[in-house]
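Let me begin by presenting the structure, written as structure tokens, before commenting on it.
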Amino acid sequence: MDRNSTGLVFVLPALIVLAMLVAYPVAYTGLLSVTDRQGAFVGLDNFSAVLGARATPQAFWNTLWFVGGSIVFQVVFGTAAAILLNQNFIGRGIVRSITLLPWVVPGIVAATTWAWMFHTEFGIINYMMTGAGVIPEPIGWLTNGSTVMPVLIAINVWKLFPFVAIMVLAGLQSIPNDLYEAARVDGANFWQEVFHIMLPQVRSVIVAVTLLLVIWGLNSITIIYAITRGGPANRTLITPIQIFRLAFESTNFNQAAALSVMFFAVALVIVIIYIKALASTPGEVK
Amino acid sequence: MGSVNIAQARKSYGALEVLHGVSVNIANGEFVVLVGPSGCGKSTLLRMIAGLEAISGGEIAIDGKVVNTLAPKERDIAMVFQSYALYPHMTVEANMGFSLRLGGAPKDAIKARVAEAAKMLGLEDYLKRYPRHLSGGQRQRVAMGRAMVRKPKVFLFDEPLSNLDAKLRVQMRSEIKRNHQRLKTTTVYVTHDQIEAMTMADRIVVMNGGVVEQVGSPLELYDRPANLFVAGFIGSPSMNILSGRLENGTFMTADGTAFAVPGMASFGNRDVRLGIRPEHLCLDPNGLRAEIVTVEPTGSETQVMMRLGGHDVVGVFRERVVNAPGEMLPVSIDAERAHIFDPQTGKRLEA
Numbered sequence: 000m001d002r003n004s005t006g007l008v009f010v011l012p013a014l015i016v017l018a019m020l021v022a023y024p025v026a027y028t029g030l031l032s033v034t035d036r037q038g039a040f041v042g043l044d045n046f047s048a049v050l051g052a053r054a055t056p057q058a059f060w061n062t063l064w065f066v067g068g069s070i071v072f073q074v075v076f077g078t079a080a081a082i083l084l085n086q087n088f089i090g091r092g093i094v095r096s097i098t099l100l101p102w103v104v105p106g107i108v109a110a111t112t113w114a115w116m117f118h119t120e121f122g123i124i125n126y127m128m129t130g131a132g133v134i135p136e137p138i139g140w141l142t143n144g145s146t147v148m149p150v151l152i153a154i155n156v157w158k159l160f161p162f163v164a165i166m167v168l169a170g171l172q173s174i175p176n177d178l179y180e181a182a183r184v185d186g187a188n189f190w191q192e193v194f195h196i197m198l199p200q201v202r203s204v205i206v207a208v209t210l211l212l213v214i215w216g217l218n219s220i221t222i223i224y225a226i227t228r229g230g231p232a233n234r235t236l237i238t239p240i241q242i243f244r245l246a247f248e249s250t251n252f253n254q255a256a257a258l259s260v261m262f263f264a265v266a267l268v269i270v271i272i273y274i275k276a277l278a279s280t281p282g283e284v285k
Numbered sequence: 000m001g002s003v004n005i006a007q008a009r010k011s012y013g014a015l016e017v018l019h020g021v022s023v024n025i026a027n028g029e030f031v032v033l034v035g036p037s038g039c040g041k042s043t044l045l046r047m048i049a050g051l052e053a054i055s056g057g058e059i060a061i062d063g064k065v066v067n068t069l070a071p072k073e074r075d076i077a078m079v080f081q082s083y084a085l086y087p088h089m090t091v092e093a094n095m096g097f098s099l100r101l102g103g104a105p106k107d108a109i110k111a112r113v114a115e116a117a118k119m120l121g122l123e124d125y126l127k128r129y130p131r132h133l134s135g136g137q138r139q140r141v142a143m144g145r146a147m148v149r150k151p152k153v154f155l156f157d158e159p160l161s162n163l164d165a166k167l168r169v170q171m172r173s174e175i176k177r178n179h180q181r182l183k184t185t186t187v188y189v190t191h192d193q194i195e196a197m198t199m200a201d202r203i204v205v206m207n208g209g210v211v212e213q214v215g216s217p218l219e220l221y222d223r224p225a226n227l228f229v230a231g232f233i234g235s236p237s238m239n240i241l242s243g244r245l246e247n248g249t250f251m252t253a254d255g256t257a258f259a260v261p262g263m264a265s266f267g268n269r270d271v272r273l274g275i276r277p278e279h280l281c282l283d284p285n286g287l288r289a290e291i292v293t294v295e296p297t298g299s300e301t302q303v304m305m306r307l308g309g310h311d312v313v314g315v316f317r318e319r320v321v322n323a324p325g326e327m328l329p330v331s332i333d334a335e336r337a338h339i340f341d342p343q344t345g346k347r348l349e350a
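In structure tokens:
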């Protein structure tokens, strides 16, 4: 055996495992999407059926809302937190650790905790806000169609902005001190340092992190499913949850597979556009 | 343009004092080099002038105005960093114009000033490039251009040439000097390289261990070093220092090697350190006998390390020395050019 094929033998076990865990499910999903319950080939029937469902377009828009809204605030808050945590102040180490907490808390635990905190009658948020006179009467945060999505976005932002903060902080710490000093000598104030030194220098980090957040956002089920299961009235039904419910609540695996295939395609397009648009802008720092 | 007056400047980090009351007055338009071994406090002093380090004690005034509590941008200074500290995400043009842009200057004014500086530095063809596309020497020029564009009162240079190769260093050295002659902006330049200091400075400030050892023009320091530190630091190869005793105008080392030192009779009889520059040794058939240790020909001259009077002594001769190590070389010492130092204080003794 020559060198190359010996190497192949060594990676074979890993490849087999990978094929079983990734390639097979993907291929099988593709197969499911064009067959019926009995396994007979039905062409694109599943696709037209799932596209015809009233929930589908709504879930699509909900997904865009949820992912878009989450990412904007995750990146803004995360970056702001990173810049703050990069400053010198007493107790910085402790604050850095505390900031990381939401990301460490398991999703299901966080979701349950927040669900109780936002509870209309027993939640601490309504209790405090009515007590302080901010709102005259309790709000049904999770049952009111106009508040439920913003609340879920807020919880998702709370959960993931520490991740952004840590990544951006690592990027900020790699900026040579000379650059700040040069900027200071050149007459920059703090905000000018932020916009002309820090942000351009961590741009590549932010781009990479945002991409991760897009992917995670499109796949996120835990928080929403644990809190609202997509309700009320499908107001928080996002496509991953629709797929989950189609498959495991309606046991319609074929339509769920068809929806998965389409969702996969859309997600792929979004990610490719994003990478093309942002990752290759000239003037990038090397 | 402006003067820089440093009065009893001190710097401590906690209980550790690294600058022990440094006073230097720099006249308007002067090119002053702070030189010394690493850790002597020269960079710290420069950063204190720039406002990047707080001043623990004393006073620093730029153009007559005390700047102790002013932020760097309020001091009207420009600094060239050792690493150049160019903004990697900005073009050369944007780098050079950054300070003006922050200052809110109109776009065409910035463009004109940048173009002017670029022309002076030969950077016109590189304005649209990013720093990573430039060579070390070009980056160095951009860093200078960024400082020049601002037309500050004082230029501060922090070891700007130490990242360049030897040839480029010599070239940039004369470029910096030429720019100073054209712009006549007060310049404070930090280096650990005494040759840079000698070739560029109007005046040199030699620092060691957080104090100023001597201030003077390059040749003053070379010809009349105030103490053993300056004597050893300025000049390459460095001055030979011989321990011995002066008796009746004759210098004698422990092993009995002796030669007359004219004009030193007034010191009386005492222990001294005698300093003699390598070029003030000459080949002389009637001279002292020194044992050759190594011979290093450089082409134009020959450096010979030898044992003389129990010391390692370096001589630089215009003649070509062909003797082998171990042989005896007769040399004489141009004792009129010898420097006499007190062995305890290290201070120069004047006749």
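The listed protein sequences correspond, in order, to chains W and B.
According to numbering that gives the first Met the number 0, numbering within the first sequence proceeds without interruption in unit steps and concludes at 285.
According to numbering that gives the first Met the number 0, numbering within the second sequence proceeds without interruption in unit steps and concludes at 350.
Note that the Cβ used here is the ideal one computed from N, Cα and C, for glycine as well.
- Message: Using beta carbons (cut-off 9 Å, strictly below), is B/Gly267 in contact with chain W?
- Response: To locate residue 267 of chain B, count along the second sequence from 1; it is residue 268. Answer no: the Cβ-Cβ gap between B/Gly267 and chain W never drops below 9 Å.
- How far does the beta strand (DSSP E) with W/Asn3 in it reach, from first residue to last? In the first sequence, residue 3 of chain W corresponds to position 4, counting from 1. Counted as a single uninterrupted DSSP element, the stretch harbouring W/Asn3 is not any beta strand (DSSP E) but the alpha helix (DSSP H) occupying residues 2-17.
- Beta-carbon contacts of B/Lys351 that lie in its chain and below 7 Å, excluding the five residues immediately before and after: Residue 351 of chain B lies beyond the stretch modelled for chain B, which goes from 0 to 350, so this question has no answer here.
- Counterpart residues of W/Pro149 in DSSP-defined beta bridges: The sequence position of residue 149 of chain W within the first sequence is 150, counting from 1. DSSP output for W/Pro149 lists no bridge partner at all.
- Item | N- and C-terminal bounds of the alpha helix (DSSP H) containing W/Gln200 | By 1-based counting over the first sequence, the position of residue 200 of chain W is 201. First-last of the alpha helix (DSSP H) with W/Gln200: 198-218.
- Note down, in chain order, each residue of its chain lying with its Cβ closer than 7 Å to the Cβ of W/Leu245, except the 5 sequence neighbours on either side. Position 246 of the first sequence, counting from 1, holds the residue named residue 245 of chain W. Correct list, in chain order: Asn251, Gln254, Ala255, Leu258.
- Query: So the alpha helix (DSSP H) B/Asp283 belongs to, where does it begin and stop?
  - Reply: Position 284 of the second sequence, counting from 1, holds the residue named residue 283 of chain B. Unbroken run through B/Asp283 is the beta strand (DSSP E), 280-296; no alpha helix (DSSP H).
- Could you check which residue in W/Arg234, W/Ala232, W/Tyr224 has the C-alpha nearest to that of W/Ile240? The residue given as residue 240 of chain W occupies position 241 in the first sequence. Minimum Cα distance to W/Ile240 is reached at W/Tyr224.
- Could you tell me which chain W residues have their CB closer than 8 Å to the CB of B/Ser82, listed as they occur along the chain? Stepping through the second sequence from its first residue, residue 82 of chain B is reached at position 83. Going along chain W in sequence order, the residues near B/Ser82 (Cβ under 8 Å) are Pro175, Asp177.
- Message: Just to check my reading of the structure: B/Val79 and B/Ala142 have Cβ atoms closer than 8 Å, yes? What is that Cβ distance to the nearest angstrom?
- Response: Working through the second sequence from its first residue, we reach residue 79 of chain B at position 80. Working through the second sequence from its first residue, we reach residue 142 of chain B at position 143. The Cβ separation is near 5 Å, so the contact holds.
- Query: So, is B/Val320 buried or exposed, given that buried needs 16 or more other C-beta atoms within 10 angstroms?
  - Reply: The count along the second sequence starts at 1 and reaches residue 320 of chain B at position 321. With 16 or more other Cβ atoms within 10 Å, it is buried.
- Residues near W/Glu283 by beta carbon distance below 7 Å, same chain, minus five either side: Looking up residue 283 of chain W in the first sequence gives position 284. In this prediction, W/Glu283 has a pLDDT of 46, which is less than 50 and means its spatial position is unreliable; nothing more can be read from the coordinates.
- Message: Across the region 131-149 of chain B and the region 169-180 of chain B, are there enough close Cβ pairs to call them in contact, namely three or more that are closer than 8 Å?
- Response: yes
- B/Val204 beta carbon less than 9 Å from that of B/Val34: Taking the first residue of the second sequence as 1, we reach residue 34 of chain B at position 35. Taking the first residue of the second sequence as 1, we reach residue 204 of chain B at position 205. Taking 9 Å as the Cβ cut-off, B/Val34 and B/Val204 qualify as a contacting pair.
- Message: Using DSSP's beta-bridge definition, name the partner residues of B/Ile332.
- Response: Position 333 of the second sequence holds residue 332 of chain B. In the DSSP output, where bridge partners are listed per residue, B/Ile332 has B/Leu280.
- Message: Going by DSSP, what residue range makes up the alpha helix (DSSP H) through W/Phe189?
- Response: Within the first sequence, residue 189 of chain W is the residue found at index 190, counting from 1. Here the alpha helix (DSSP H) through W/Phe189 covers 189-192.
- Query: Mind listing which residues of the region 194-213 of chain W have their C-beta closer than 9 Å to chain B's C-betas, in chain order?
  - Reply: His195, Ile196, Pro199, Gln200, Arg202
- Message: Taking contact to mean 3 or more Cβ pairs, one atom from each stretch, closer than 8 Å, check whether the region 179-192 of chain W and the region 98-117 of chain W are in contact.
- Response: no
- Message: Between the alpha carbons of B/Thr256 and B/Val303, how many angstroms are there, rounded?
- Response: Along the second sequence, one-based indexing puts residue 256 of chain B at 257. Along the second sequence, one-based indexing puts residue 303 of chain B at 304. The alpha-carbon atoms of B/Thr256 and B/Val303 are separated by roughly 19 Å.
- Task: Pick out the complete alpha helix (DSSP H) segments inside the region 23-93 of chain W, 4 residues or longer, and give them in chain order.
- Result: 23-32, 44-51, 54-84
- Message: Is it the case that the region 116-123 of chain W contacts the region 35-44 of chain W, given that we only count it when at least three CB pairs across the two stretches are under 8 Å?
- Response: no
- Query: Going by the CB atoms, is the gap between W/Gly77 and W/Val167 shorter than 9 Å?
  - Reply: For the purposes of this step, residue 167 of chain W is taken as the residue at position 168 of the first sequence. For the purposes of this step, residue 77 of chain W is taken as the residue at position 78 of the first sequence. Yes, the Cβ-Cβ distance between W/Val167 and W/Gly77 is below 9 Å.
- Task: Return no unless some Cβ of chain W is closer than 9 Å to the Cβ of B/Gly102.
- Result: Locating residue 102 of chain B in the second sequence gives position 103, where the first residue counts as 1. At least one chain W Cβ lies under 9 Å of B/Gly102.
- Going straight from the alpha carbon of B/Asp333 to that of B/Ala259, what length do you get? In the second sequence, the residue the question calls residue 333 of chain B occupies position 334. In the second sequence, the residue the question calls residue 259 of chain B occupies position 260. Each residue's Cα considered, the two are about 10 Å apart.
- Message: Assuming B/His88 is part of the beta strand (DSSP E), what are its boundary residues?
- Response: If you number the second sequence from 1, residue 88 of chain B lands on position 89. Where B/His88 is concerned, there is no enclosing beta strand (DSSP E), given that its DSSP letter is neither H nor E.
- Mind reading off the beta-carbon distance from B/Arg306 to B/Ala289? Whole number of angstroms is fine, and I expect it under 8 Å. Counted from its first residue, the second sequence places residue 306 of chain B at position 307. Counted from its first residue, the second sequence places residue 289 of chain B at position 290. The Cβ separation is near 6 Å, so the contact holds.
- Indicate whether the contact test is met: 3 or more Cβ pairs, each with one atom in the region 196-214 of chain B and one in the region 37-46 of chain B, closer than 8 Å. Touching, yes, given that three or more Cβ pairs across the two stretches are closer than 8 Å.
- Nearest to W/Ser32 by alpha carbon, out of W/Leu50, W/Val16, W/Leu17, W/Val21? The residue given as residue 32 of chain W occupies position 33 in the first sequence. It is W/Leu50 whose Cα lies nearest to the Cα of W/Ser32.
- Item | Beta-carbon contacts of B/Pro342 that lie in its chain and below 8 Å, excluding the five residues immediately before and after | For the purposes of this step, residue 342 of chain B is taken as residue 343 along the second sequence, with counting starting at 1. Contacts found: Ser242, Asp270, Val271, Arg272.
- Message: Whole angstroms are fine: how far does the CA of B/Pro277 sit from the CA of B/Asp201?
- Response: In the second sequence, the residue the question calls residue 201 of chain B occupies position 202. In the second sequence, the residue the question calls residue 277 of chain B occupies position 278. If I take the Cα positions, the gap works out to 24 Å.
- Item | Three-state secondary structure assigned by DSSP to B/Ala146 | By 1-based counting over the second sequence, the position of residue 146 of chain B is 147. Of the three classes helix, strand and coil, the one that applies to B/Ala146 here is helix, per DSSP.
- Query: Among W/Ala276, W/Phe189, W/Gly106, W/Asn61, which residue has its Cα nearest to the Cα of W/Pro231?
  - Reply: Counted from its first residue, the first sequence places residue 231 of chain W at position 232. Residue W/Asn61 is the option with its Cα nearest to W/Pro231.
- Task: Grab me the residues of B/Arg128's own chain with a C-beta within less than 7 Å of its C-beta, minus the 5 sequence neighbours each way, in chain order.
- Result: Here residue 128 of chain B corresponds to residue number 129 of the second sequence, with the count starting at 1. Correct list, in chain order: Thr90, Val91.
- Task: Could you check if B/Asn268 is buried or exposed, using at least 16 other CB atoms within 10 Å of its CB as the buried criterion?
- Result: Locating residue 268 of chain B in the second sequence gives position 269, where the first residue counts as 1. B/Asn268 comes out exposed.
- Message: Using CA atoms only, rank isn't needed, just tell me which of B/Gly20, B/Glu29, B/Val148 is closest to B/Ile59.
- Response: Working through the second sequence from its first residue, we reach residue 59 of chain B at position 60. Distance from the Cα of B/Ile59 is smallest, within the candidate group B/Gly20, B/Glu29, B/Val148, for B/Gly20.
- Query: Along the chain, where does the beta strand (DSSP E) that runs through B/Ala77 open and close?
  - Reply: Along the second sequence, read from residue 1 onward, the residue named residue 77 of chain B stands at position 78. Per DSSP, B/Ala77 is one residue of the beta strand (DSSP E) stretching across 76-79.
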